[in-house]
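Chemist: Starting off with a structure, shown below.
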Amino acid sequence: MRGAAARDGANATPAPPARIAKRAAPQMMRQYELVERVKKYNPSTNEDLLNRAYVYAMKAHGEQKRASGDPYFSHPLEVAAILTGLNVDDATIVAALLHDTIEDTEATRAEIDRMFGGDIGALVEGLTKLKRLDLVSREAKQAENLRKLLLAIAADVRVLLIKLADRLHNMRTLDYVPPEARRRAAEETADIYAPLAGRIGMHEMREELEGLAFPQLNPEACAVISERLATLAARDRDLIAEIERQLTRKLSDRGIATFVEGRRKQPYSVWRKMERKALGFEQLSDIVGFRVVVPTLAECYQALGVVHTTWPVVPGRFKDYISTPKQNDYRSIHTTVIGPGNQRVELQIRTQEMHEIAEYGIAAHANYKDGADASPDTLSRESKAYAWLRHTIEHLADGSNPEEFLEHTKLELFHDQVFCFTPKGTLIALPRGATPIDFAYAVHTDIGNHTVGCKINGKIAPLLSELENGDEVEILTSKALLAPPAAWESLVVSGKARAAIRRATRAAVRNQYAGLGRRIVERLCGRAKREYSDERLTGALPRLARASIEDVFAAVGRGEIKASDTVRAMYPDFKEERATLAAAGLPEGRWQGLKRARAVKVKVPALSDAAPAIPIRGINSDLPVRFAPEGGAVPGDRIVGILSPGEGITIYPIHSPALMAFEDAPERWLDLRWDIDDKTPQRFPAQVLIESVNEPGTLAQIAQVIAENDANIDNIRMTRLSPDFTSLTINLEVYDIKHLTAIIAQLRAKPFVANATRHNG
Ligand code: MN
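As structure tokens, this is what we get:
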């Protein structure tokens, strides 16, 4: 190792690092004091910018007061002051001064952009968004998600630093807040902000936040532990000094310049350890820890050698986080020895740089300069620092165990997530690009399946809106909706929603088929004067090789089992009968006309028996029904359905010649009736045949008639009959038979139309 040279360069004993700014001063900080503090670490600071921000924020908050009675402006000012202890850039100080202006005063983002630039505007806006989260109720189990949300919104790490300083100042001034709010703030601090500070390596910030939260959360435990720590401190005061002295001497004997610091554990971390490990206070050995800070990495290992050869090592306590740093870049050597006075001594050995990272994390790297006067050198240092910050932030979601880390890696971290709230404040994490439909399914499958609309942040919004971080989403449901539209499956982005929609669609289609199958079987029984009962069909299940009667019905509905076979399974002596036209009770005239025209003898199955007709609403792709491909069918038509294996029901008007193809399969015929909802008019397909004179503009005029009547044209086919005449087949969509008849009448009235008739395929 390059010992000597490196040691020469870093000869001085490392100094204890600067602390997060604390202020006991009762009166408000002056404008020049703040500027002086910034100038101390950043001589090229933009004083004018700081002064303008100071004045702007002070004026914006005006007469507003804090709970303590202090002017409100004292709060952003103190937040800025805390940040001066972290050597942050001017933009961060300015944004800290302005951090509550958009939310609490007349100030707007646009105005801040204009006066201080878009960079600072974006920082203040980020803090405004975070502030909205403070208003939302939280549960402990949501803490992890909330930490991620904070990180997702605080895409710029400076927002996070300001937020933590904001929280720290609020916690320092908690005394004036009503007890209930105080307790909540303490819970949030312990659950969310303190661990967040720890995750980004700001341990001093973490300790202070925890120290402020603990007495609010558990006053008794806090008092007891603090008292015992104080008793131990009094007893061991000389011992700690002795250990510090001996460590320093042993190391300097070997030419290692060190700064040794004995540190007491904080009450909150002692309590956490007691809780986590179910230990009593007496069993906690490591109430005091020592930090040994040395100039170089090589000396870390040299110091370790000195310690291990001087005092007996406690087995199983050695950890080398220098060769394998923790995920937040924490590096140190940990070991425990039996030191002077037979006392267990816990040691952390590290370099000054490692020490700063361990204590201040991100802030240790956040040595920003303003972009304007930055030399290329500082720029590259800065971008390196930013790269490090980005890297760290990307590791924040990982928790501490590798499985968790991998899991989050698969989710491509929280940058690909979006976090939204229910109206009651529950946080829902979704993949980026998620819609309110995804949200609904994330809340509950049942809610997803019955979703009909949504409100985002209180406003009605389309179900396919892309959700953004912090959106509050209210899902509107209707129990009348039996299944979600199958098309949603391809529109949602979350796997959970997709699977649930697929399941619900399948179940709905199956129910539809089963309902259909039941009616078919019941009706066939009725026609054959056999009694249908579920018990009898259950008894016949083995013969039909199905597990349940629902399975049988679904199979009949799908056309996989014949209805007659089902009835025969219940009644082995059942014989199929052919129905007659007379039995069917159909509109005689129409059929007579059809028979005459086609000169065929038509037999149709009975449709007038007791079984209720199956109601048909408009066509929905989820339902196993479709309209006759040629002529369609419209309300007002008497309709029948033809069941096709695997395809469901095709609906025909009873006068459709296509029905002749099914005369020999009475079990496939179904009685249907329209069930139209007048409130939501729908159009249905029909076909019109037109013979027209070949004149320029004919087609346009025909289309105009149809459009003026509020019908849709689906398709037009033209056949030239002769040089003078053209035959047109128009597929259109109309509301009902009256609508269709009116359109045909208007077409006939046109001089160029020789004939117009409805076509029945
Ligand atoms: Mn604030």
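Residue numbers for the sequence shown follow my numbering, beginning at 302 and rising by one. Cβ coordinates follow ideal geometry from the N, Cα and C atoms, glycine included.
1) Measure the alpha-carbon distance for T636 versus E647 and round it to whole angstroms.
2) Under the DSSP definition of a beta bridge, which residues are partnered with Q988?
3) M655 to R632, Cα distance in whole Å?
4) For the alpha helix (DSSP H) holding P732, just list the boundary residues, first then last.
5) As a quick exercise: from N388, L817, I862, pick the residue whose alpha carbon is nearest that of K341.
6) In three-state terms, what does DSSP make of A762?
7) Using the rule of at least 16 other Cβ atoms within 10 Å of the residue's Cβ for burial, across every protein chain shown, is Y814 buried or exposed?
8) Cβ of D539 versus every heavy atom of the ligand MN: is any distance shorter than 6 Å?
9) When you get a sec, list the residues whose CB is within less than 6 Å of any heavy atom of the ligand MN, chain order please.
10) What does DSSP give as the partner residue(s) for N1013 in the beta ladder?
11) Quick one: Cα of T393 to Cα of S375, how far?
12) Rounded to a whole number of angstroms, what is the C-alpha to C-alpha distance between E489 and G816?
13) Assign T610 to one of two classes, buried (16 or more other C-beta atoms within 10 Å of its C-beta) or exposed (fewer than that).
14) Would you tell me roughly how many angstroms separate the C-alpha atoms of R803 and Y569, rounded to the nearest one?
15) Would you report the Cα separation of K756 and Q1047, rounded to the nearest angstrom?
16) The beta strand (DSSP E) with K756 in it runs from where to where?
17) Using 8 Å as the threshold, is the segment 994–1009 in touch with the segment 1037–1054, meaning 3 or more CB pairs across them?
18) Can you tell me which of S945, G949, W975, V935 puts its alpha carbon nearest to the alpha carbon of S957?
19) Can you name the start and end residues of the beta strand (DSSP E) that N812 belongs to?
20) With a 10 Å radius around its C-beta and 16 neighbouring C-beta atoms as the bar for buried, classify N750 as buried or exposed.
21) Please determine if the segment 862–874 and the segment 824–838 are in contact, where contact requires at least 3 C-beta pairs separated by less than 8 Å.
22) Could you tell me whether the Cβ atoms of V561 and V593 are closer together than 7 Å?
23) Compare the beta carbon distance of Y413 and V395 with 7 Å and say whether it is the shorter of the two.
24) Can you tell me whether P954 is helix, strand or coil according to DSSP?
25) What whole-angstrom Cβ distance do D467 and H362 have, given they're in contact under 8 Å?
26) Would you check if the distance between the CB atom of T429 and the CB atom of D391 is smaller than 7 Å?
27) Name the DSSP bridge partner or partners of H635?
28) Run the CB neighbour count on I943, radius 10 Å, all protein chains shown included, and call it buried at 16 or more, exposed below.
29) Could you give the distance in angstroms between the alpha-carbon of G499 and the alpha-carbon of R473?
30) Which residues share a DSSP beta bridge with I938?
31) Can you name the start and end residues of the beta strand (DSSP E) that R831 belongs to?
32) Skipping 5 residues on each side, what residues in its chain have a beta carbon closer than 7 Å to that of S779?
33) Between the Cα of V794 and the Cα atoms of G771, I738, L842, R847, which residue gives the shortest distance?
34) What is the DSSP secondary structure of F591, reduced to helix, strand or coil?
35) The beta strand (DSSP E) spanning V1054 covers which residue range?
36) Pull the bridge partners of S945 from the DSSP assignment, please.
Modeler: Reading from the atomic positions:
1) Within the sequence shown, numbered from 1, the residue matching residue 636 stands at position 335. Within the sequence shown, numbered from 1, the residue matching residue 647 stands at position 346. Cα to Cα, T636 sits roughly 6 Å from E647.
2) Along the sequence shown, one-based indexing puts residue 988 at 687. DSSP output for Q988 lists N1032 as bridge partner(s).
3) Looking up residue 655 in the sequence shown gives position 354. Looking up residue 632 in the sequence shown gives position 331. Those two C-alpha atoms are separated by around 6 Å.
4) To locate residue 732, count along the sequence shown from 1; it is residue 431. Note, P732: premise wrong, no alpha helix (DSSP H); beta strand (DSSP E) at 728–732.
5) Translated into positions along the sequence shown, residue 341 becomes position 40. Nearest C-alpha to K341 among N388, L817, I862: N388.
6) As a working mapping, residue 762 is identified with position 461 in the sequence shown. It is a strand residue.
7) Within the sequence shown, numbered from 1, the residue matching residue 814 stands at position 513. Buried is the call here.
8) Your numbering for residue 539 matches position 238 in the sequence shown. Answer for D539: no, Cβ out of range of the ligand MN.
9) H376, H400, D401, D467
10) By one-based count along the sequence shown, residue 1013 stands at place 712. Answer is E1034.
11) Counted from its first residue, the sequence shown places residue 393 at position 92. Counted from its first residue, the sequence shown places residue 375 at position 74. Looking at the two C-alpha atoms, the distance is approximately 17 Å.
12) In the sequence shown, counting from the first residue as 1, residue 489 sits at position 188. In the sequence shown, counting from the first residue as 1, residue 816 sits at position 515. Each residue's alpha carbon lies about 53 Å from the other.
13) The residue you call residue 610 lines up with position 309 of the sequence shown. When all chains shown are included, T610 counts as exposed.
14) Numbered from 1 along the sequence shown, position 502 holds the residue referred to as residue 803. Numbered from 1 along the sequence shown, position 268 holds the residue referred to as residue 569. Cα to Cα, the separation comes out at about 49 Å.
15) Position 455 of the sequence shown holds residue 756. Position 746 of the sequence shown holds residue 1047. Answer to the nearest angstrom: the Cα atoms are 45 Å apart.
16) Position 455 of the sequence shown, counted from the start, is the residue given in the question as residue 756. Its beta strand (DSSP E) spans residues 752–757.
17) Yes, the segment 994–1009 is in contact with the segment 1037–1054.
18) Sequence index remark: in the sequence shown, residue 957 carries index 656 (1-based). Checked all of S945, G949, W975, V935; the closest Cα to S957 is V935.
19) The count along the sequence shown starts at 1 and reaches residue 812 at position 511. N812 -> not in any beta strand (DSSP E); alpha helix (DSSP H) instead, spanning 796–828.
20) Residue 750 sits at position 449 when you count from the first residue of the sequence shown. N750 is buried by the Cβ-count criterion.
21) yes
22) Position 260 of the sequence shown, counting from 1, holds the residue named residue 561. Position 292 of the sequence shown, counting from 1, holds the residue named residue 593. Result yes, Cβ atoms of V561 and V593 sit closer than 7 Å.
23) Within the sequence shown, the letter at position 112 stands for residue 413. Within the sequence shown, the letter at position 94 stands for residue 395. For clarity, residue 413 is Ile in the given sequence; the question names Tyr instead. It is not a contact, given that the beta carbons lie outside the stated cut-off.
24) Numbered from its first residue, the sequence shown carries residue 954 at position 653. Strand, per DSSP.
25) The sequence position of residue 467 within the sequence shown is 166, counting from 1. The sequence position of residue 362 within the sequence shown is 61, counting from 1. Their Cβ separation, rounded to whole angstroms, is 14 Å, which puts D467 and H362 out of contact at 8 Å.
26) Here residue 429 refers to the residue found at position 128 of the sequence shown. Here residue 391 refers to the residue found at position 90 of the sequence shown. Taking 7 Å as the Cβ cut-off, T429 and D391 do not qualify as a contacting pair.
27) Taking the sequence shown and counting its residues from 1, the one referred to as residue 635 is at position 334. In DSSP, H635 forms a bridge with K620, Q649.
28) Numbered from its first residue, the sequence shown carries residue 943 at position 642. Result: buried.
29) For this step, residue 499 is matched to residue 198 along the sequence shown. For this step, residue 473 is matched to residue 172 along the sequence shown. About 18 Å.
30) By 1-based counting over the sequence shown, the position of residue 938 is 637. First, the amino acid is wrong: residue 938 is Asp here, not Ile. DSSP, once it has assigned bridges, lists P936 as partnering D938.
31) By one-based count along the sequence shown, residue 831 stands at place 530. Membership of R831 in any beta strand (DSSP E) is not indicated, and neither H nor E is assigned to it by DSSP.
32) On the sequence shown, position 478 is the one that residue 779 refers to. Hits under 7 Å: H751, V753.
33) Position 493 of the sequence shown, counted from the start, is the residue given in the question as residue 794. Nearest of G771, I738, L842, R847 to V794, Cα basis: I738.
34) For the purposes of this step, residue 591 is taken as residue 290 along the sequence shown, with counting starting at 1. In this structure, F591 counts as strand in the three-state DSSP scheme.
35) Within the sequence shown, numbered from 1, the residue matching residue 1054 stands at position 753. Segment 1054–1059, the beta strand (DSSP E) holding V1054.
36) Residue numbering aside, residue 945 sits at position 644 when the sequence shown is read from its first letter. DSSP output for S945 lists G949 as bridge partner(s).
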